[in-house]
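J.: Numbering (this note's numbering), first residue to last: 150 to 437. Positions of the beta carbon are idealized from the N, C-alpha and C atoms, including for glycine.
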Amino acid sequence: MGEAPGTCVCKQPLGAACTNAEECVSNLCVDGYCCNSNCGQCEACDVPGLAGFCTTIGTMESPEAPRPGREPCGGEQECEGRCKGLYSDRCSYELAGTPCGEASCENEIAISYACTADHACAQSGESRCRGFKCAEDACLERCSSREEHCIEAAVCVDGECVEISVATCDGDQRRLISPDGTVEDCGAYRCKEGAHACANPCNDFTDCADDLVCNHAGECVPALVEPTEFSSCNASRQTGRNERWLWALVALALSARLGGRRARAGTSSAERRLQRRNVQDRRALRAQ
Numbered sequence: 150m151g152e153a154p155g156t157c158v159c160k161q162p163l164g165a166a167c168t169n170a171e172e173c174v175s176n177l178c179v180d181g182y183c184c185n186s187n188c189g190q191c192e193a194c195d196v197p198g199l200a201g202f203c204t205t206i207g208t209m210e211s212p213e214a215p216r217p218g219r220e221p222c223g224g225e226q227e228c229e230g231r232c233k234g235l236y237s238d239r240c241s242y243e244l245a246g247t248p249c250g251e252a253s254c255e256n257e258i259a260i261s262y263a264c265t266a267d268h269a270c271a272q273s274g275e276s277r278c279r280g281f282k283c284a285e286d287a288c289l290e291r292c293s294s295r296e297e298h299c300i301e302a303a304v305c306v307d308g309e310c311v312e313i314s315v316a317t318c319d320g321d322q323r324r325l326i327s328p329d330g331t332v333e334d335c336g337a338y339r340c341k342e343g344a345h346a347c348a349n350p351c352n353d354f355t356d357c358a359d360d361l362v363c364n365h366a367g368e369c370v371p372a373l374v375e376p377t378e379f380s381s382c383n384a385s386r387q388t389g390r391n392e393r394w395l396w397a398l399v400a401l402a403l404s405a406r407l408g409g410r411r412a413r414a415g416t417s418s419a420e421r422r423l424q425r426r427n428v429q430d431r432r433a434l435r436a437q
């Protein structure tokens, strides 16, 4: 039931809840509170702890949209304006050139989007990947493998995919890549970075694959290794040592055998002398 005509009604102070301006001493009901003034586009009168006073809203970390009843910020997607606590009477916008939208990459061409001066999100560039393959939304920027990171007509050299027009050595120094993507394995020879052919014939060991050396005929061959004591290459040396031991054993056996013969010979002579003495003794007895 409304108030009777002529009845005085006390108006509400700043910060009191209201539904219309007539209820407030300030004759301003903003955002549901009696307010000290009409708030700007990025102000509000219902900020907790500050109700009744127009206060800027939003921060750089947590931007906000203007309150209902204010003019909305313009722009689209990431380029749309927001209240960031910087201005009371207007929205804040991303600078022209700020990336926006969904970048894409296809057929080694990367397409990017950026904010314009009028806060639209529009295509800002189209760039070739220059030897690199596409990632999901951009060109790859470093390579460690030609197959994974570079297009067919490129080689990976020092982390860069380098497009080629003539056969060129890949960064692994083992393969020669043709512009059509054909791969030739250099085998025992190196394919030095920047060169356009396998190093065949070789000039020195740097032209050869790991653990190989360059011989006088310009061929990359395994390096000769000094044989160890027990290697097959040292069999003759080992056999010679065994033969010396064998002859030593034979000499010892012969020496022992000769010693035995001398001993037996000495025993036989003593026995004969004893027999002769016995005969002489028997003859002497008979003579008596």
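For the beta strand (DSSP E) that contains E255, what are its first and last residues?
T.: Note, E255: beta strand (DSSP E), S253 to E255.
J.: Let me know if G246 comes out buried or exposed under the rule of 16 or more other beta-carbons within 10 Å of its beta-carbon.
T.: G246 should be labelled exposed.
J.: Hey, quick one: how far does the beta strand (DSSP E) through E312 stretch, first residue to last?
T.: Residues E309 to E312.
J.: Use the C-beta contact count for I326: other C-beta atoms within 10 angstroms, 16 or more gives buried, fewer gives exposed.
T.: Label assigned to I326: buried.
J.: Indicate the three-state DSSP secondary structure (helix, strand or coil) for Q387 in the structure shown.
T.: Note that Q387 scores a pLDDT of 47, beneath 50, so its modelled location is shaky; the value from the coordinates is reported in the next line. Residue state, collapsed to three classes: helix.
J.: The alpha helix (DSSP H) with E297 in it runs from where to where?
T.: Where E297 is concerned, the enclosing alpha helix (DSSP H) stretches over R295 to H298.
J.: Measuring alpha carbon to alpha carbon, tell me which of A287, E243, S261 and G274 ends up nearest G250.
T.: Nearest option by C-alpha distance: S261.
J.: With DSSP run on the structure shown, which of helix, strand or coil describes T247?
T.: Of the three classes helix, strand and coil, the one that applies to T247 here is coil, per DSSP.
J.: Look at the alpha carbon of E312 and the alpha carbon of D359, and state the distance between them as a whole number of angstroms.
T.: Approximately 27 angstroms between the Cα atoms of the pair.
J.: Per DSSP, which residues does F354 bridge with? Please list them.
T.: Answer is none; F354 lacks a bridge partner.
J.: Quick check on DSSP: helix, strand or coil for A170?
T.: Helix.
J.: From what residue to what residue does the beta strand (DSSP E) around I326 run?
T.: From DSSP, the beta strand (DSSP E) with I326 extends over R324 to I326.
J.: What does DSSP give as the partner residue(s) for T208 in the beta ladder?
T.: According to DSSP, which records beta bridges pairwise, T208 is partnered with nothing at all.
J.: Thinking C-beta only, is C183 closer than 8 angstroms to E172?
T.: Against a cut-off of 8 angstroms, the Cβ pair of C183 and E172 comes out as a contact.
J.: Does the ligand PLP have a heavy atom nearer than 7 angstroms to the CB of V179?
T.: What this structure holds is no ligand at all, so the ligand PLP is not there to describe.
J.: In whole angstroms, give me the CA-to-CA distance for D267 and C335.
T.: Each residue's Cα considered, the two are about 58 angstroms apart.
J.: Using the Cα positions of C178 and G218, report the straight-line distance between them to the nearest angstrom.
T.: Taking the straight line joining both Cα atoms gives about 12 angstroms.
J.: For Q226, which of helix, strand or coil comes out of DSSP?
T.: Helix, per DSSP.
J.: Using the C-alpha atoms, what's the distance from A166 back to C157?
T.: Using only the alpha carbons, I get a separation of about 19 angstroms.
J.: Give the range of the beta strand (DSSP E) segment to which P371 is assigned.
T.: That run of the beta strand (DSSP E) goes C369 to P371.
J.: Tell me the rounded alpha-carbon separation between E213 and P221.
T.: Whole-angstrom Cα-Cα distance: 11 angstroms.
J.: Can you list, in chain order, the residues of its chain whose CB lies under 7 angstroms from that of N169, leaving out five sequence neighbours each side?
T.: Answer for N169: C178, listed in chain order.
J.: Measuring straight from C-alpha to C-alpha, what distance separates Y242 and L199?
T.: Cα to Cα, Y242 sits roughly 26 angstroms from L199.
J.: Can you grab the Cα-Cα spacing for the pair G224 / G181, in whole Å?
T.: So the alpha carbons of these two residues sit roughly 28 angstroms apart.
J.: Nearest-angstrom Cα distance between G343 and G308?
T.: Each residue's Cα considered, the two are about 14 angstroms apart.
J.: Rounding to the nearest angstrom, what Cα-Cα distance links C232 and K341 in this structure?
T.: So the two alpha carbons sit approximately 59 angstroms from each other.
J.: Check the C-beta distance from S314 over to C305 and give it rounded, since I have them as a contact under 8 angstroms.
T.: That pair is no contact at about 17 angstroms.
J.: With DSSP run on the structure shown, which of helix, strand or coil describes V158?
T.: In this structure, V158 counts as coil in the three-state DSSP scheme.
J.: Figure out for me which residue from F354, T205 and P328 has the closest Cα to the Cα of H345.
T.: It is P328 whose Cα lies nearest to the Cα of H345.
J.: Are the CB atoms of C203 and E192 nearer to each other than 8 angstroms?
T.: Their beta carbons are under 8 angstroms apart, which means C203 touches E192 by this criterion.
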